[in-house]
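Here's the structure we're looking at; comments come further down.
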Amino acid sequence: MSNRRRVISLALLVLIVAVAATAQGNYKGYQRPEVFITAAELKALIDAEDPKLVVIAVTSVPEYYAGHVPGSIQVWRPDYEAAPALRGGVTDDIMLPEQFTVLAQKKFGVNPDSKVVIYDHQYDATRMWWAFTYYGKSDVKVLDGGYAAWTGAGYDTDMVSSGKAKGKGTWVAKVAIPTLRTETPEIAALKDRTDAQLWDNRGDSEFCGKEIKKGAFRAGRIAWGVQADWPLLKSKDNKAEFLPAADVQKVLDKMGFDQAKEQYFVCQSGVRTTQWIFVLYAMGWPMEKLHNYDDSWIGWSKDNSLPLETNCPDTTKAPWQS
Numbered sequence: 005m006s007n008r009r010r011v012i013s014l015a016l017l018v019l020i021v022a023v024a025a026t027a028q029g030n031y032k033g034y035q036r037p038e039v040f041i042t043a044a045e046l047k048a049l050i051d052a053e054d055p056k057l058v059v060i061a062v063t064s065v066p067e068y069y070a071g072h073v074p075g076s077i078q079v080w081r082p083d084y085e086a087a088p089a090l091r092g093g094v095t096d097d098i099m100l101p102e103q104f105t106v107l108a109q110k111k112f113g114v115n116p117d118s119k120v121v122i123y124d125h126q127y128d129a130t131r132m133w134w135a136f137t138y139y140g141k142s143d144v145k146v147l148d149g150g151y152a153a154w155t156g157a158g159y160d161t162d163m164v165s166s167g168k169a170k171g172k173g174t175w176v177a178k179v180a181i182p183t184l185r186t187e188t189p190e191i192a193a194l195k196d197r198t199d200a201q202l203w204d205n206r207g208d209s210e211f212c213g214k215e216i217k218k219g220a221f222r223a224g225r226i227a228w229g230v231q232a233d234w235p236l237l238k239s240k241d242n243k244a245e246f247l248p249a250a251d252v253q254k255v256l257d258k259m260g261f262d263q264a265k266e267q268y269f270v271c272q273s274g275v276r277t278t279q280w281i282f283v284l285y286a287m288g289w290p291m292e293k294l295h296n297y298d299d300s301w302i303g304w305s306k307d308n309s310l311p312l313e314t315n316c317p318d319t320t321k322a323p324w325q326s
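Start counting at 1 in the sequence shown, then tack on 4, and there's your number in the working numbering.
Pasting the structure below:
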């Protein structure tokens, strides 16, 4: 690229960022709109050849090669999973910070000032957002609408080339917000707490003990957890697109979410839980009150000493609403 073209591109990038910042000032009514990026904004960054841009596709390999955002780097759950031997045989937990540092530096090429954008096909992008946030990179963005938003806008896709890091990064993962991840003893203690709420983000078949997904050891649910299925936050037409903040607030009010209380989330393996953590943070809730049970049902079901229920609750009301 010539110097003249580079100057023009950089000038265009500055303009794009300024316009995007103005446009996102009230994106869908969220108090923290900076956690989102639209397909148009991402396209502008790519066209401007922003050297700091890192686009991560949290998709399976077949999904990735069926079509992906050009230049995006593919990653899937096993790539950032802690070795089960380190987690008492529990699978799908987030890897240790030292391992995540290697992943971020070598596979993604992340630097402290990298503009990391994550997208998915359904709900995995927020898991990677949660991991980066937990480990200290707080400016990561999620593409609202995911891959469907990209293709829906008519932008080019790639089915052949694999995205690669622009070079080895220097960002180092360190636990920055310890409360974002919680362990089984704290979940067990919630039974007797009145200052906290536990939300189960699985569907009916799992929640009511009719299905055991791969990795879990027993079917059922934690008795003091209340079902809050993740699609409640999403568009019916695009499971990767979040509802406007006003619609999310209606869901929260109906279900009895209490911002004064600590919020805990459980699913199968701590992935769907991050949908709620992400959207509540975007709504303006304090991060220190949002807790992801990383072991989730896999960890709980593995311990036979822990109680569970295998039926559907008789009421849709939460215990604090009765």
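All C-beta atoms in this analysis are idealised placements derived from N, C-alpha and C, irrespective of residue type, glycine included.
Legend entry - Backbone secondary structure at Thr314 - three-state DSSP: The three-state secondary structure of Thr314, taken from DSSP, is coil.
Inset, instruction - State whether the stretch 52-70 contacts the stretch 109-129, with contact taken as three or more CB pairs (one from each stretch) at a distance under 8 Å. - result: Touching, yes, given that three or more Cβ pairs across the two stretches are closer than 8 Å.
Inset, instruction - Flag this pair as yes or no: are the beta carbons of Gly75 and Val114 separated by less than 8 Å? - result: Result no, Cβ atoms of Gly75 and Val114 do not sit closer than 8 Å.
Legend entry - Sequence-distant residues of its chain with Cβ nearer than 6 Å to Lys119 (five each side left out): Excluding residues within five positions, the ones whose Cβ falls inside 6 Å are Lys56, Leu57.
Inset, instruction - In the DSSP assignment, find the beta strand (DSSP E) that holds Tyr297 and state where it starts and stops. - result: Under the DSSP assignment, Tyr297 falls in the beta strand (DSSP E) whose first and last residues are 294-297.
Legend entry - Own chain residues within Cβ distance below 7 Å of Leu194, not counting five before or after: Counting only Cβ-Cβ distances below 7 Å, and skipping sequence neighbours, we find Ala200, Leu202, Trp228, Tyr268.
Legend entry - Exposure label - Trp304; buried when at least 16 CB within 10 Å: Residue environment analysis places Trp304 among the buried positions, since at least 16 neighbouring C-beta atoms fall within 10 angstroms of its C-beta.
Legend entry - Per-residue DSSP class, three states only, for Asp257: Secondary structure of Asp257 (DSSP, three-state): helix.
Legend entry - Contact the stretch 205-219 vs the stretch 265-282: 3+ CB pairs below 8 Å: Touching, yes.
Inset, instruction - Evaluate Glu45 with the Cβ neighbour count: other Cβ atoms within 10 Å of its Cβ, from every protein chain shown; 16 or more gives buried, anything less gives exposed. - result: When all chains shown are included, Glu45 counts as buried.
Inset, instruction - With a cut-off of 8 Å on the beta carbons, I'd call Lys145 and Ile77 a contact; round off their distance for me. - result: In fact, because the Cβ distance is near 15 Å, the residues do not count as touching under 8 Å.
Legend entry - Whole-number beta carbon distance between Gly140 and Ala177, since they are thought to touch under 8 Å: Going by Cβ atoms, the distance from Ala177 to Gly140 rounds to 6 Å, so yes, they are a contact pair.
Legend entry - Chain-order list of residues whose beta-carbon lies under 6 Å from that of Lys254 (same chain, five-residue window excluded): Excluding residues within five positions, none has a Cβ falling inside 6 Å.
Legend entry - Pair within 8 Å by beta-carbon distance, Gly213 and Arg225: Contact: yes.
Legend entry - Leu49 - containing beta strand (DSSP E), residue span: First-last for Leu49: 43-51, but that is the alpha helix (DSSP H), not the beta strand (DSSP E).
Inset, instruction - Please say whether Trp234 and Leu184 have beta carbons closer to each other than 8 Å? - result: Here Leu184 is not near Trp234, since their CB atoms are 8 Å or more apart.
Legend entry - Residue environment, Met163, which counts as buried when at least 16 other CB atoms sit within 10 Å: Around the Cβ of Met163, a 10 Å sphere holds fewer than 16 other Cβ atoms; the residue is exposed.
Inset, instruction - Measure the CB-CB distance between Ile302 and Ala220 and report whether it falls below 8 Å. - result: A contact, by the Cβ cut-off of 8 Å.
Legend entry - Own chain residues within Cβ distance below 6 Å of Trp80, not counting five before or after: Answer for Trp80: Ser64, listed in chain order.
Inset, instruction - Assign Ala249 to buried or exposed, taking buried as 16 or more other Cβ atoms, counted over all protein chains shown, within 10 Å of its Cβ. - result: By the neighbour-count criterion, in which a residue is buried when 16 or more other Cβ atoms sit within 10 angstroms of its Cβ, Ala249 is buried.
Inset, instruction - Quick one: give me the first and last residue of the alpha helix (DSSP H) that Asp208 is part of. - result: Where Asp208 is concerned, the enclosing alpha helix (DSSP H) stretches over 208-211.
Inset, instruction - Write down every uninterrupted run of the beta strand (DSSP E) in the stretch 146-232 whose length is 3 residues or greater and which is fully enclosed by it, in chain order. - result: Taking only runs of at least 3 residues, the beta strand (DSSP E) segments lying wholly in the stretch 146-232 are 200-204.
Legend entry - Delimiting residues of the alpha helix (DSSP H) encompassing Val106: Residue range 101-106 is occupied by the alpha helix (DSSP H) that includes Val106.
Legend entry - Distance between beta carbons of Thr314 and Ala223, contact taken as under 8 Å: In this structure Ala223 is in contact with Thr314, their Cβ atoms being roughly 6 Å apart against a cut-off of 8 Å.
Inset, instruction - From the DSSP output, in three-state form, read off Gln279 for me. - result: Gln279 falls in the helix class under three-state DSSP.
Inset, instruction - Ignore the nearest five residues each way along the sequence and tell me which others in Glu85's own chain have a CB closer than 8 Å to its CB. - result: Contacts found: Thr95, Asp96, Asp97, Ile98, Met99.
Legend entry - Beta-carbon spacing of Ala43, Gly167 below 8 Å: With contacts defined as CB atoms closer than 8 Å, Ala43 and Gly167 fail to qualify as a contacting pair.
Legend entry - Own chain, CB closer than 6 Å to Met132, minus 5 neighbours either side, in chain order: Same-chain partners within the cutoff: Val62, Ile122.
Legend entry - C-beta contact flag for Ser71 and Thr161 at 8 Å: According to the sequence as given, residue 71 is Gly; it is not Ser. In terms of Cβ geometry, Gly71 and Thr161 form a close pair [threshold 8 Å].
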